[in-house]
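Numbering (our numbering), first residue to last: 634 to 1259.
Where a beta carbon is used, it is the ideal one built from N, C-alpha and C, also for glycine.
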C-alpha cells in the first residue's frame, strides 16, 4: 500500500533494511575514506598528510556526471545497517560545478523502489526539480533519469532524495558552484562541513512510533525532582500556574525535537563524533568552511571554541560579512564562514544538537596527531509561554487559544478582516486553496518592502478542531532572536536580523498581494498541516507569473519549521528594504511570524514544504505559477 508523503510516495509494504540482502562488496566499515584506505594498507594519517582532511567525500568536477543510487552496508554505531548510497558513499560525492555552464547528470536507481534527487536551492526548470508527484514521476528501479540544466548561480548548496525517507537513509550530498566573477572575500583553504543525522532504525519505524507516541524519543520531560526544584525557585503558585497552562495546551516546555540523540548519531561529513572529522591548516591561513545542514530532523548550534567565525554567505548568497561566535543552522540551511587560526593548536568544530542530546564533531588542526577538547553541552533549552506566542498581559485569551472547536475568528468561514476578499473570491485574487491559502491582502494594506507585514493575524475556521492543538495568540517578528537556548549565553550569536545582502535588493517592487499561511499541527497525535489542512486535502497555491508577493508565515506550533519554497528565492524581510537577503530555506520559530517576498519568475509546478522529513506528509503544498 502506498501513501503520498508530501509529493513523495512511501511504500509501507517494502522490506526493512534488516531484510535486504546486499552483496558484501558494498560493505564499508564506517563509510569513511579513512576506513577504506586503512583496509588497503593506507593509514588515516597518510590520508591527512596528502589531502588535508579525513573522510572528505570525493569531489566530482566538470559538467557531466554519472550517479548511482544503490543499497549499501554501513556501520556508524558499531552495528551493521543498510543505507541508500550514491556512488558507494554516504554522504554522496561533492559535486563541483561552474556558474554559467550546462550540467548533465545521469542518475541510475538500483534500489528496489522508486527514487529521485532534488537539487536544493537551485534555480532551474520545473521538469528538472526532481520531486516525484510534482515535477516528474520519479526514477523507477533499474532506470536512469537524465537531469540537464544551466547553472545560473554560485555558492554552497546540496542535493537529496525527495522519495520516501531516502534522505534519512543516505541519499544526500554537497554542491559547490564556483562563480564566474571573483568573490568579495579571499581564503586559502576550502572545506565542506556537511552535518546529518543517522539512525540504525528503519525510518518507517521512527515515523510509526511518532504517530503512536509523539514524545517517544524525548527523554528530557520534567520529573518529580524538577517539580520540587521549580517549587523551591518559583513558589507553589507560579509553578502550578505554569504547569497548568502547559497541560491545558497538551504540550511540554521541553518538547523541542521530535527525534533525538536517543536514536540519532550525528555525523560530520559522514563521520560519527567518536572518530570525528579532521581538517588541516597552517597558522594564519584563511579557511572557508561551507556548512550544510543535510539532516532529516535536526537543528544544530554550531561553533568553534577559540575561533571567531566571519559569516560571508547564507544559503549560497553572499552577505555583508558579520563576525559571530555561534549560529543555529536549521535543516536544509547553509552558511559559509571564514576562520583564521592564529595558533598552532587544534580547534574543536562543535555542532551540538538543538535539544542537547548529542553532537557532531570535527577538528581543525595543524597536526593530525593533535586533538581538541570537546566542550560541555549547554543547558537544555526550555520553552516559555512567550516562545509560544502567548500574550502574558492578557491571559484571558488562553481559553480562546485552546478551544479547538470554536473558531472565534472564522466569521462564518470567511476572512473579511480589513476588508479582505471573501473566500469564494480567492481564486479571482490568485489563490484557490479552500484551506485559506487565499488569505490575501491588497498592496495598500501591507507594510512596505523589506519591513514585513502589517496585516492582522487571522485564524481561519479550518484551524479549529482536534487536528490543531494550539494557535499563537500574539505571534511577533523575532528576527533578532537567535532562539531558545542561545539567548544571553555569553557568546555573539547570529540572528536573521544580522543578514544583509551584499547587493541591492534584486526586485525592489512593492508586493502586489500577501498570502498568510499558518503552520499548524497536533503534537500529541503527530499531525502536521498548513492552515489546519493536510497536503492530501489541500488545493494548490496559485502564483501569477511575474508578480511580486509577500508570504507571511505564522507558526502556531511549538516546533521550529524550516520552510522551503522550490524554484524561487525567498527574499527575507529583516527590516531594511535596500539590501534584502535571499534564502531558499526560512526557519520560523515557535509562536512567531516571519515574512518574505517572492518574485514568481518560474513557470510550472513547484513544491513548498517544511523540511523536517517527518512533518512533510502534511505540512506541504503544491505551488502553480501560471
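Report the option in the options whose CA atom is closest to the CA atom of residue i.
| i | options | result |
| --- | --- | --- |
| residue 820 | 1219, 982, 942 and 784 | 942 |
| residue 926 | 976, 829 and 727 | 829 |
| residue 693 | 707, 705, 704 and 737 | 737 |
| residue 806 | 747, 732 and 702 | 702 |
| residue 1010 | 997, 1002, 989 and 1004 | 989 |
| residue 986 | 933, 940 and 769 | 933 |
| residue 1258 | 1248, 1234 and 800 | 1234 |
| residue 1084 | 1118, 1204 and 850 | 1204 |
| residue 1148 | 1091, 1122 and 1121 | 1091 |
| residue 888 | 785, 999, 1155 and 710 | 1155 |
| residue 778 | 742, 1086 and 1223 | 742 |
| residue 1206 | 1141, 707 and 776 | 1141 |
| residue 1187 | 1114, 1210 and 1224 | 1224 |
| residue 1099 | 1118, 1128, 1093 and 1157 | 1157 |
| residue 850 | 1129, 867, 832 and 1002 | 832 |
| residue 1123 | 1094, 714, 957 and 1095 | 957 |
On the DSSP bridge assignment, give the partners of residue i in chain order.
| i | result |
| --- | --- |
| residue 715 | 706 |
| residue 694 | 729 |
| residue 1267 | Residue 1267 falls outside the range modelled here, since the chain spans only 634 to 1259, and no answer is possible. |
| residue 820 | DSSP, once it has assigned bridges, lists no residue as partnering residue 820. |
| residue 967 | 925 |
| residue 1155 | 1160 |
| residue 984 | 935 and 993 |
| residue 960 | 935 |
| residue 1242 | 1197 and 1253 |
| residue 947 | 950 and 968 |
| residue 809 | 729 and 789 |
| residue 699 | 739 |
| residue 1205 | 1229 |
Are residue i and residue j touching if we call contact CB-CB under 8 Å?
| i | j | result |
| --- | --- | --- |
| residue 993 | residue 1112 | no |
| residue 976 | residue 919 | no |
| residue 1242 | residue 1221 | no |
| residue 1232 | residue 1181 | yes |
| residue 764 | residue 700 | no |
| residue 1116 | residue 1254 | no |
| residue 936 | residue 966 | no |
| residue 1229 | residue 1184 | yes |
| residue 790 | residue 733 | no |
| residue 978 | residue 824 | no |
| residue 690 | residue 725 | yes |
| residue 982 | residue 826 | yes |
| residue 782 | residue 945 | no |
| residue 991 | residue 894 | yes |
| residue 1179 | residue 762 | no |
| residue 998 | residue 913 | yes |
Do you know how far the Cα of residue j is from the Cα of residue i?
| i | j | result |
| --- | --- | --- |
| residue 759 | residue 842 | 35 Å |
| residue 749 | residue 1150 | 28 Å |
| residue 1104 | residue 1015 | 19 Å |
| residue 1004 | residue 921 | 20 Å |
| residue 846 | residue 1248 | 15 Å |
| residue 947 | residue 870 | 45 Å |
| residue 1208 | residue 1227 | 11 Å |
| residue 678 | residue 1166 | Model confidence at residue 678 stands at a pLDDT of 40, short of 50, so the residue's coordinates are unreliable and nothing is read from them. |
| residue 1239 | residue 1169 | 16 Å |
| residue 1007 | residue 838 | 32 Å |
| residue 1159 | residue 1106 | 21 Å |
| residue 1202 | residue 1143 | 16 Å |
| residue 1102 | residue 1161 | 10 Å |
| residue 1244 | residue 1132 | 21 Å |
| residue 1198 | residue 812 | 23 Å |
| residue 1081 | residue 1088 | 12 Å |
| residue 1172 | residue 1256 | 9 Å |
| residue 747 | residue 1125 | 45 Å |
| residue 1196 | residue 1236 | 20 Å |
| residue 660 | residue 708 | Legend: pLDDT at residue 660 = 32, less than 50; position of this residue unreliable, no value from coordinates given. |
| residue 1212 | residue 1127 | 17 Å |
| residue 802 | residue 898 | 12 Å |
| residue 1086 | residue 1146 | 11 Å |
Using a C-beta cutoff of 8 Å, does residue i count as contacting chain D?
| i | result |
| --- | --- |
| residue 728 | Absent from the structure is chain D; it holds one protein chain and no more. |
Inspect the CB distances between the region 890-910 and the region 947-954 and report whether three or more fall short of 8 Å. The region 890-910 is not in contact with the region 947-954.
Can we say the region 722-729 touches the region 761-779, given the rule of at least three CB pairs closer than 8 Å? With the cut-off at 8 Å, the region 722-729 and the region 761-779 do not touch.
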